[in-house]
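Yeah, the sequence shown ends on 508 if you go by numbering that gives the first Met the number 0, and it's all consecutive.
Cβ coordinates follow ideal geometry from the N, Cα and C atoms, glycine included.
Everything numeric in this text was worked out from a predicted model, so none of it was measured.
Only one structure is covered here, and it is reproduced in the block below.
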Amino acid sequence: MSRTDGTTATVTRETHEVEALIIGSGLSGIGAAVKLREAGLRDLVLIEKADELGGTWRDNTYPGCACDVPSALYSYSFAPNPGWTRAFAAQPEIRAYLHRTAAAYGITPLIRFGTEVVRAQWHAAEARWHVETSRDRYSARFLISAAGPWHEPLIPEIPGLADFSGEVFHSSRWRHDHELAGARVAVVGSGASAVQFVPAIQSRVARLDLFQRTAQWVLPKPDHHVPGAERRLLRRFPAAQRALRSAEYAAMETLGLGFRHPAILRAVQKVGTLHLKATVKDPRLRRALTPDYTLGCKRLLLSNTYYPALTRPNVTVHATAVEAVRGNRVVGADGTGADVDTIILGTGFHILDMPIAQRVFDADGVRLGEHWKGSPDAYLGTTVSGFPNAFILLGPHLGTGHSSAFMVLEAQLEYLAGAVRHFRSAGWAGMDVRPEVQAAFNAEVQQALPPTVYNSGGCSSYYLDGNGRNSFSWPWSTGRMRRRLAEFDPEAYDVTLTSGVGRPVPAGR
Ligand SMILES: Cc1cc2nc3c(=O)[nH]c(=O)nc-3n(C[C@H](O)[C@H](O)[C@H](O)COP(=O)(O)OP(=O)(O)OC[C@H]3O[C@@H](n4cnc5c(N)ncnc54)[C@H](O)[C@@H]3O)c2cc1C
Numbered sequence: 000m001s002r003t004d005g006t007t008a009t010v011t012r013e014t015h016e017v018e019a020l021i022i023g024s025g026l027s028g029i030g031a032a033v034k035l036r037e038a039g040l041r042d043l044v045l046i047e048k049a050d051e052l053g054g055t056w057r058d059n060t061y062p063g064c065a066c067d068v069p070s071a072l073y074s075y076s077f078a079p080n081p082g083w084t085r086a087f088a089a090q091p092e093i094r095a096y097l098h099r100t101a102a103a104y105g106i107t108p109l110i111r112f113g114t115e116v117v118r119a120q121w122h123a124a125e126a127r128w129h130v131e132t133s134r135d136r137y138s139a140r141f142l143i144s145a146a147g148p149w150h151e152p153l154i155p156e157i158p159g160l161a162d163f164s165g166e167v168f169h170s171s172r173w174r175h176d177h178e179l180a181g182a183r184v185a186v187v188g189s190g191a192s193a194v195q196f197v198p199a200i201q202s203r204v205a206r207l208d209l210f211q212r213t214a215q216w217v218l219p220k221p222d223h224h225v226p227g228a229e230r231r232l233l234r235r236f237p238a239a240q241r242a243l244r245s246a247e248y249a250a251m252e253t254l255g256l257g258f259r260h261p262a263i264l265r266a267v268q269k270v271g272t273l274h275l276k277a278t279v280k281d282p283r284l285r286r287a288l289t290p291d292y293t294l295g296c297k298r299l300l301l302s303n304t305y306y307p308a309l310t311r312p313n314v315t316v317h318a319t320a321v322e323a324v325r326g327n328r329v330v331g332a333d334g335t336g337a338d339v340d341t342i343i344l345g346t347g348f349h350i351l352d353m354p355i356a357q358r359v360f361d362a363d364g365v366r367l368g369e370h371w372k373g374s375p376d377a378y379l380g381t382t383v384s385g386f387p388n389a390f391i392l393l394g395p396h397l398g399t400g401h402s403s404a405f406m407v408l409e410a411q412l413e414y415l416a417g418a419v420r421h422f423r424s425a426g427w428a429g430m431d432v433r434p435e436v437q438a439a440f441n442a443e444v445q446q447a448l449p450p451t452v453y454n455s456g457g458c459s460s461y462y463l464d465g466n467g468r469n470s471f472s473w474p475w476s477t478g479r480m481r482r483r484l485a486e487f488d489p490e491a492y493d494v495t496l497t498s499g500v501g502r503p504v505p506a507g508r
């Protein structure tokens with residue numbers, strides 16, 4: 000059965016009452032569950048459409064998949080992992096870490112696997128969220144979206160792609176059953192995933208044609224094996240691990256300072272240029288790989304193996320977007336092309352047009368996506384006026400381009416836990432961020448963005464939404480983000496109180 004709102008049909012059997020419902024069991028969902036329980040919420044559920052937790056680190060199994068910020072930072076501060084075997088852990092280790100952490104904190108049994116949230120709507124009279132899933136129905140006091148900005152693969156609209164006779168897949172849905180040995184492969188895209196999987200498959204395939212719309216800044220990756228002795232030391236002395244995390248945080252923040260004051264970036268950009276010069280001798284290839292915008296304008300990439308892989312005789316770089324697929328030929332906008340058996344799309348995700356925004360509705364039945372009209376915004380990247388008692392994790396305007404998603408998440412979790420504690424102690428039934436507060440925050444962000452490299456670096460990036468507005472980036476330091484989100488600010492919200500007869504009554508501010 001199809002619905003007029005475009006969501007899929009639901010077979011509803013039961014309604015479960017819960018205090019909090021979390022959509023997704025990636026690192027955000029797991030972290031939220033841990034912090035909400037610490038804040039005193041016992042009755043919560045995580046709804047996960049897949050059959051396993053881990054989100055990104057479950058889905059992205061492509062060869063070479065790893066994090067690109069140091070693992071000491073790409074982990075929860077409350078669950079440090081002294082056992083990382085590499086400075087930048089690979090996907091299987093991160094996936095295992097998330098499994099372990101969810102189990103250790105008692106979160107795994109709270110996850111309803113194989114269950115998809117298809118619609119969530121605020122009911123003002125009850126001051127609760129009514130949530131329909133592909134299995135049951137829920138009524139929840141709080142709704143937390145941890146559905147992940149890097150979740151839904153972006154499949155480009157390339158004429159003829161659907162009729163391609165060979166195999167096509169997106170990097171985040173890797174086809175391990177498809178034999179790449181001896182294949183002629185076209186890779187579309189040259190972003191963070193392609194930089195990792197291209198070197199991992201280059202020596203296996205017969206030919207690799209890389210279609211690169213925009214050259215990327217790629218810096219050497221300071222990755223290395225962490226010897227057993229160092230791991231034992233970190234395990235024995237947690238203070239040493241905290242010191243490592245702090246040192247890495249400081250290093251990343253220095254880079255972040257450059258992103259906000261691009262003149263400082265010249266030295267870092269020089270490292271990128273030297274890296275390219277040292278690894279790519281052919282001047283034509285080097286020209287094709289030289290970015291024409293300031294480093295940091297697009298996500299900065301780290302790799303020691305990407306450039307060398309592109310110099311191999313079986314690789315051709317097409318410095319052009321793909322215009323069409325004709326038969327088994329991938330054709331670039333510059334007229335070059337390649338006959339291939341396999342197309343791998345390294346084309347990214349629906350980041351600022353997250354599908355979940357089409358499934359969350361206000362009290363009048365208006366979708367979150369309709370409120371946003373293509374330009375997401377939220378107060379402190381977290382709460383949206385008209386959507387009471389709801390929180391978006393890794394929401395708009397919290398992207399940093401240099402720091403770890405865990406840093407952003409934990410700043411938000413402080414705010415979320417503070418909000419829930421205050422809500423309960425003050426006897427609130429509903430909290431809705433005041434529209435003028437949200438608008439003022441949004442204006443402040445938009446005012447601060449122009450000098451940053453994200454807006455002034457001269458590129459087009461996924462930080463920009465369909466309207467051309469930067470709805471992704473946080474224009475200040477992550478220290479400021481942490482300070483800004485450290486204390487819940489009740490005065491920013493319109494509230495309703497529980498009247499005692501089960502109906503919420505408006506209480507103003
Ligand atoms: C390949 C890759 C590498 C990355 N590396 C880094 C890095 O090095 N450093 C960094 O800071 N960031 C990195 N990121 C970005 C970010 O850290 C990760 O995407 C991270 O996993 C986000 O966590 P999350 O829990 O918010 O979302 P996700 O991990 O995407 O989890 C979302 C979960 O929600 C579920 N879900 C979605 N919709 C529904 C629904 N309607 N109903 C039920 N369940 C639903 C999904 O199945 C999924 O399990 C990377 C992203 C990718 C894709």
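- Would the segment 126-140 and the segment 24-39 be scored as touching if the rule is three or more Cβ pairs under 8 angstroms? no
- In angstroms with no decimal places, state the Cα-to-Cα distance between residue 344 and residue 494. 46 angstroms
- Message: Quick check: what's the CA-CA separation for residue 13 versus residue 136?
- Response: 6 angstroms
- Message: Does residue 154 pass the burial test, meaning 16 or more other C-beta atoms within 10 Å, or should it be called exposed?
- Response: exposed
- Query: When DSSP builds the beta bridges, which residues end up paired with residue 472?
  - Reply: 398
- Message: Can you confirm whether the segment 415-433 touches the segment 254-263 when touching is taken to mean that 3 or more C-beta pairs between the two stretches lie within less than 8 angstroms?
- Response: no
- Query: Run through DSSP, which three-state label would residue 128 get?
  - Reply: strand
- Item | Beta-carbon gap between residue 428 and residue 126 smaller than 8 angstroms | yes
- Message: Between which residues of its own chain and residue 251 is the CB-CB distance below 6 angstroms, once the five residues before and five after are set aside?
- Response: 401, 402
- Message: For residue 301 and residue 218, what's the separation of their Cα atoms in angstroms?
- Response: 5 angstroms
- By DSSP, does residue 363 sit in helix, in strand, or in coil? coil
- Task: Put residue 492 into one of helix, strand or coil per three-state DSSP.
- Result: strand
- Task: For residue 334, count neighbouring Cβ atoms within 10 angstroms of its own Cβ and tell me buried if that reaches 16, exposed if not.
- Result: exposed
- Task: Please name the residue, chosen from 298, 440, 381, that lies closest to residue 214 on a Cα-to-Cα basis.
- Result: 298
- Anyone know if the C-beta pair for residue 472 and residue 451 falls short of 8 angstroms? yes
- Message: Please report the distance separating the alpha-carbon of residue 15 from that of residue 121.
- Response: 16 angstroms
- Task: Assuming residue 311 and residue 201 form a contact by the criterion Cβ under 8 angstroms, report the distance between their Cβ atoms to the nearest whole angstrom.
- Result: 6 angstroms
- Distance, Cα to Cα, residue 145 vs residue 268? 34 angstroms
- Query: When the Cβ atoms of the segment 344-356 are set against those of the segment 179-188, are three or more pairs found closer than 8 angstroms?
  - Reply: yes
- Query: Where does residue 120 sit, in a helix, a strand or coil, going by DSSP?
  - Reply: strand
- Query: Rounded to a whole number of angstroms, what is the C-alpha to C-alpha distance between residue 398 and residue 404?
  - Reply: 8 angstroms
- What residues match up with residue 16 in a beta bridge as DSSP calls it? 138
- Message: So within the segment 236-316, which uninterrupted alpha helix (DSSP H) runs reach at least 4 residues, ignoring any that extend past its ends?
- Response: 237-259, 265-278, 282-287, 305-309
- Go through its chain and collect everything with a Cβ distance to residue 223's Cβ below 6 angstroms, but skip five positions before and after it. 86
- Label residue 181 either buried or exposed according to how many other C-beta atoms from any shown protein chain fall within 10 Å of its C-beta, with 16 as the threshold for buried. exposed
- Tell me, please, which residues DSSP counts as bridged to residue 224. 85
- Task: Could you check the C-alpha separation between residue 434 and residue 486 for me, to the nearest Å?
- Result: 20 angstroms
- Item | Limits of the unbroken beta strand (DSSP E) element including residue 337 | 336-338
- Query: Going straight from the alpha carbon of residue 208 to that of residue 369, what length do you get?
  - Reply: 39 angstroms
- Locate the alpha helix (DSSP H) running through residue 406, then write down its first and last residues. 404-424
- Message: With H, G and I counted as helix, E and B as strand and the rest as coil, what does DSSP make of residue 194?
- Response: helix
- Message: Considering Cα atoms alone, identify which of 116, 229, 102, 322 is closest to residue 211.
- Response: 322
- Task: Give a single yes or no on whether residue 296 has its beta carbon closer than 7 angstroms to a heavy atom of ligand 1.
- Result: no
- Message: Strictly by DSSP, which residues pair up with residue 65?
- Response: 89
- Message: Between the alpha carbons of residue 96 and residue 53, how many angstroms are there, rounded?
- Response: 9 angstroms
- residue 208 - DSSP class collapsed to helix/strand/coil: strand
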